[in-house]
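>
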Amino acid sequence: MTARLAPPERAPGRVPARVGQRYLVRTFGCQMNEHDSERVAGLFAADGMTVAVSVEDADVVFLNTCCIRENADDRLYGTLGHLKAAKRQRPGLRIVVGGCLAQKDRDLVRRRAPWVDVVFGTHNLHRVLDLLDHADEWGPITEILESSAEADAFSADLPSRRELDHAAWVTITVGCNNACTFCIVPIVRGPEVSRRPGEIIEEVGRLAADGVVEVTLLGQNVNSYGRDLGVDGRHRPVFAELLRRVGEVPGIRRVRFTSPHPKDMREDVARAMAETTAVCEHLHLPLQSGSARILRAMHRGYTPRRFLDRLEMMRRIVPGLAVTTDVIVGFPGETESDFRATLEVMEEARFDGAYMFIYSPRPGTPAAAMEGQVAPEVAAERFSRLADLQQEMSLSRNRELVGGEVEVLTEGPSRKDPSMATARTRTNKVVHLPGEFPPGTFLRARLERAAPSHLIGRAVP
Ligand code: SF4
0 MTARLAPPER
10 APGRVPARVG
20 QRYLVRTFGC
30 QMNEHDSERV
40 AGLFAADGMT
50 VAVSVEDADV
60 VFLNTCCIRE
70 NADDRLYGTL
80 GHLKAAKRQR
90 PGLRIVVGGC
100 LAQKDRDLVR
110 RRAPWVDVVF
120 GTHNLHRVLD
130 LLDHADEWGP
140 ITEILESSAE
150 ADAFSADLPS
160 RRELDHAAWV
170 TITVGCNNAC
180 TFCIVPIVRG
190 PEVSRRPGEI
200 IEEVGRLAAD
210 GVVEVTLLGQ
220 NVNSYGRDLG
230 VDGRHRPVFA
240 ELLRRVGEVP
250 GIRRVRFTSP
260 HPKDMREDVA
270 RAMAETTAVC
280 EHLHLPLQSG
290 SARILRAMHR
300 GYTPRRFLDR
310 LEMMRRIVPG
320 LAVTTDVIVG
330 FPGETESDFR
340 ATLEVMEEAR
350 FDGAYMFIYS
360 PRPGTPAAAM
370 EGQVAPEVAA
380 ERFSRLADLQ
390 QEMSLSRNRE
400 LVGGEVEVLT
410 EGPSRKDPSM
420 ATARTRTNKV
430 VHLPGEFPPG
440 TFLRARLERA
450 APSHLIGRAV
460 P
């Protein structure tokens, strides 16, 4: 199972990514479950999928469970037993277990049926496509939210509804031309395809007219954007140019992007960030490992030194840049000394935050067949050392901001304390501040206290 600190968010409104796939929904429960199943089916349909007639015909099987009805768990585990054989024959089949039994018995489901790809609870039905993406890319995932705040965002029209009215995601590329050995994306999504810049600018213009002030440009490798365009002597757009154009759309005050690839990170992107007012000072630059040997085995296309040099270049050109990253722990063949090299790079890089994962093999990827798979307990122990280090780094980064004033954009009441509002800085840091402010309000905030994952501030005139 993949461990992680915080799953990357991806909002609804994405371009359909599973066109041609088929789904099957089985519901073991009450009418509430039936209704939830309809909504999940709606999301699958919005993502381009059609209904399968049987398990043999399905790419995704969703089992919606109930812990109230008698025998629901017997029926669930019986069905999962049948699905085990199907999964063995077709490793690409995705098995998803949701609903209240999953919410309650997440560990039991995992233990009794380790071939399940996604286990999720009653409060995160709306995340099913993101979780499936995660399973494709990283392996099995369990995500159970204890609060119902996110579930409130779920409604019948969700597939086309934004989580926040003022912020939207805009896909600029799909697929990937790289061949990272741990990643299934190139296999399941195919080569990179860029959307035409005109089409993207038009979409951003429409969003702005609809009240959106912040857009996040999405792709597997955003900074290789445009390489497939410009054939036949036509102008070939590059990512830096797209950033500038999106930043000039009237009404758009914040532009973000995720994720760029370190090997493709060039000065032109840094200059576009620094010279386009709307482009935010935040960069998510996935390191993955700090060991040159492991990076080579991952086919990442850079060394730790090169990564650090590019990071230095970005920080030099973009003042106040905050940087977050992804790291995989326990990649096949990772020794204690490889892992220490990762810790050293993390210390030198001083990231503002990191998504950290324990490696989990994805069938069909080269890394899954590599020798030297790391024992789970060794990987878990390394993960906890890495997480401890990153906590310290994140806290120290955030403390550097205390006493300063920044622009924040509000997102609504804090989930933990409704007397506080949650907002985000341009550098993508979460700030909680007392008071009620409608989502989408720009404020000046004085930062007063720091924690590893957020800051506490106060609105100032
Ligand atoms: S660049 Fe990203 S999406 Fe592409 S193969 Fe590597 S990890 Fe996967």
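Under numbering that gives the first Met the number 0, the first residue of the sequence shown is numbered 0, with each subsequent residue one higher. Note that the Cβ used here is the ideal one computed from N, Cα and C, for glycine as well.
#1: Any idea which residues DSSP pairs residue 327 with across the strands?
#2: Let me check you understand the geometry: is the CB of residue 133 closer than 7 Å to at least one non-hydrogen atom of ligand 1?
#3: Confirm the yes/no value for this check: CB of residue 283, any heavy atom of ligand 1, distance under 7 Å.
#4: Would you say residue 462 touches ligand 1, meaning its beta carbon is less than 7 Å from a heavy atom?
#5: Out of 169, 335, 326, 164, point me to the one whose CA is closest to residue 410's CA.
#6: What separation, rounded to the nearest whole angstrom, lies between the Cα atoms of residue 394 and residue 404?
#7: In terms of alpha-carbon separation, which member of 108, 207, 439 lies closest to residue 76?
#8: Do the segment 84-99 and the segment 108-127 meet, that is, are 3 or more Cβ pairs less than 8 Å apart?
#9: Quick check: is any heavy atom of ligand 1 less than 7 Å from the C-beta of residue 469?
#10: Which residues in the same chain as residue 522 place their Cβ atom closer than 8 Å to its Cβ, once the five residues preceding and following it in sequence are excluded?
#11: Just mark residue 246 as buried or exposed, buried being the case when its beta carbon has 16 or more other beta carbons within 10 Å.
#12: Is residue 190 a contact residue of ligand 1, with contact defined as CB to any heavy atom under 7 Å?
#13: Across which residues does DSSP place residue 446 in a beta bridge pair?
#14: Grouping DSSP H, G and I as helix and E and B as strand, with all else coil, what is residue 311?
#15: Quick test of your reading: residue 130 and residue 140, contact by CB under 8 Å. State the CB separation rounded to the nearest angstrom.
#16: With DSSP collapsed to three states, give me the class of residue 287.
#17: Per DSSP, which one or two residues make a beta bridge with residue 461?
#18: Based on the DSSP secondary-structure assignment, which residues constitute the bridge partners of residue 63?
#19: Beta carbon of residue 171, beta carbon of residue 221: below 8 Å?
#20: For residue 449, which residues of its own chain have a beta-carbon under 6 Å away from its beta-carbon, when the five flanking residues on both sides are left out?
#21: Could you tell me how far apart the beta carbons of residue 203 and residue 214 are, in whole angstroms, since I believe they sit closer than 8 Å?
#22: Anyone know if the C-beta pair for residue 281 and residue 239 falls short of 8 Å?
#23: So the alpha helix (DSSP H) residue 302 belongs to, where does it begin and stop?
#24: Take every Cβ of the segment 351-362, pair it with every Cβ of the segment 300-311, and state whether three or more of those distances are shorter than 8 Å.
#25: Helix, strand or coil: which one does DSSP assign to residue 16?
#26: In this structure, does DSSP put residue 197 in helix, strand or coil?
#27: Can you tell me which of 373, 299, 252, 54 puts its alpha carbon nearest to the alpha carbon of residue 24?
#28: Within its chain, find whatever has a CB closer than 6 Å to the CB of residue 256; leave out the 5 residues flanking it on each side and keep chain order.
#29: Which residue marks the beginning of the beta strand (DSSP E) containing residue 127, and which one marks its end?
#30: Select from 328, 456, 16, 407 the residue whose C-alpha is nearest the C-alpha of residue 374.
#31: Give the secondary structure of residue 411 by DSSP, where H, G and I count as helix, E and B as strand, and everything else as coil.
#32: Following the continuous beta strand (DSSP E) through residue 370, name the residue where it begins and the one where it ends.
#33: Does the separation of the CB atoms of residue 102 and residue 174 fall below 8 Å?
#34: For residue 429, which residues from the same chain have a beta carbon less than 8 Å from its beta carbon, with the 5 sequence-adjacent residues on both sides left out?
#35: With DSSP as the reference, label residue 140 as helix, strand or coil.
#36: Indicate the three-state DSSP secondary structure (helix, strand or coil) for residue 281 in the structure shown.
Based on what the coordinates show:
#1: For the purposes of this step, residue 327 is taken as residue 328 along the sequence shown, with counting starting at 1. Residue 327 is bridged to 356.
#2: Taking the sequence shown and counting its residues from 1, the one referred to as residue 133 is at position 134. Because no heavy atom of ligand 1 lies under 7 Å away, the Cβ of residue 133 does not count as near it: no.
#3: Against the sequence shown, residue 283 aligns to sequence position 284. No; taking the cut-off as 7 Å, the Cβ of residue 283 has no heavy atom of ligand 1 nearer than that.
#4: For residue 462 there is no data in the structure shown, the boundaries of the chain being 0 and 460.
#5: The residue given as residue 410 occupies position 411 in the sequence shown. Checked all of 169, 335, 326, 164; the closest Cα to residue 410 is 164.
#6: Translated into the one-based positions of the sequence shown, residue 394 becomes position 395. Translated into the one-based positions of the sequence shown, residue 404 becomes position 405. Answer to the nearest angstrom: the Cα atoms are 18 Å apart.
#7: Taking the sequence shown and counting its residues from 1, one reaches residue 76 at position 77. Looking at the Cα atoms, 108 is the closest of the given residues.
#8: yes
#9: The structure shown does not extend to residue 469, since the chain spans only 0 to 460, so no value can be given for it.
#10: Beyond the ends of the chain as shown, which are 0 and 460, falls residue 522; an answer cannot be given.
#11: Here the question's residue 246 lines up with position 247 in the sequence shown. Classification for residue 246: buried.
#12: Within the sequence shown, residue 190 is the residue found at index 191, counting from 1. No, since every heavy atom of ligand 1 falls outside the 7 Å radius drawn around the Cβ of residue 190.
#13: On the sequence shown, residue 446 is found 447 positions in, with the first residue counted as 1. Beta-bridge pairing links residue 446 to 456.
#14: By one-based count along the sequence shown, residue 311 stands at place 312. It is helical.
#15: If you number the sequence shown from 1, residue 130 lands on position 131. If you number the sequence shown from 1, residue 140 lands on position 141. 6 Å between Cβ atoms; contact.
#16: Taking the first residue of the sequence shown as 1, we reach residue 287 at position 288. Reduced to three states, the DSSP call for residue 287 is strand.
#17: Shown here, the chain extends from 0 to 460; a query on residue 461 therefore has no answer.
#18: Within the sequence shown, numbered from 1, the residue matching residue 63 stands at position 64. Paired residues: 26, 97.
#19: On the sequence shown, position 172 is the one that residue 171 refers to. On the sequence shown, position 222 is the one that residue 221 refers to. Taking 8 Å as the Cβ cut-off, residue 171 and residue 221 qualify as a contacting pair.
#20: Within the sequence shown, residue 449 is the residue found at index 450, counting from 1. 397, 398, 401, listed in sequence order.
#21: In the sequence shown, residue 203 corresponds to position 204, counting from 1. In the sequence shown, residue 214 corresponds to position 215, counting from 1. Right, the Cβ-Cβ distance comes to about 6 Å (below 8 Å), so this counts as a contact.
#22: Locating residue 281 in the sequence shown gives position 282, where the first residue counts as 1. Locating residue 239 in the sequence shown gives position 240, where the first residue counts as 1. Against a cut-off of 8 Å, the Cβ pair of residue 239 and residue 281 comes out as no contact.
#23: Residue mapping note: residue 302 aligns to position 303 of the sequence shown, counting from 1. Neither: residue 302 is in no alpha helix (DSSP H) and is coded neither H nor E.
#24: no
#25: As a first step, residue 16 is located in the sequence shown; it is residue number 17 there, counting from the start. Of the three classes helix, strand and coil, the one that applies to residue 16 here is coil, per DSSP.
#26: Position 198 of the sequence shown, counted from the start, is the residue given in the question as residue 197. Of the three classes helix, strand and coil, the one that applies to residue 197 here is helix, per DSSP.
#27: Along the sequence shown, read from residue 1 onward, the residue named residue 24 stands at position 25. That would be 54, whose Cα lies nearest to the Cα of residue 24.
#28: The count along the sequence shown starts at 1 and reaches residue 256 at position 257. 216, 221, listed in sequence order.
#29: The residue labelled residue 127 in the question sits at position 128 within the sequence shown. No beta strand (DSSP E) holds residue 127; the alpha helix (DSSP H) holding it covers 127-137.
#30: Mapped onto the sequence shown, residue 374 falls at position 375. Ranking the options by Cα distance to residue 374, first place goes to 328.
#31: Start at 1 with the first residue of the sequence shown, and residue 411 comes out as number 412. Of the three classes helix, strand and coil, the one that applies to residue 411 here is strand, per DSSP.
#32: The residue given as residue 370 occupies position 371 in the sequence shown. Segment: none, residue 370 is in no beta strand (DSSP E) and carries neither H nor E.
#33: Taking the first residue of the sequence shown as position 1, residue 102 is located at position 103. Taking the first residue of the sequence shown as position 1, residue 174 is located at position 175. Not a contact, by the Cβ cut-off of 8 Å.
#34: Along the sequence shown, one-based indexing puts residue 429 at 430. Within the same chain, residue 429 has close Cβ partners 421, 422, 423, 452, 453, 454.
#35: Start at 1 with the first residue of the sequence shown, and residue 140 comes out as number 141. Three-state DSSP puts residue 140 in a strand.
#36: Residue mapping note: residue 281 aligns to position 282 of the sequence shown, counting from 1. Residue 281: strand per DSSP, three-state reduction.
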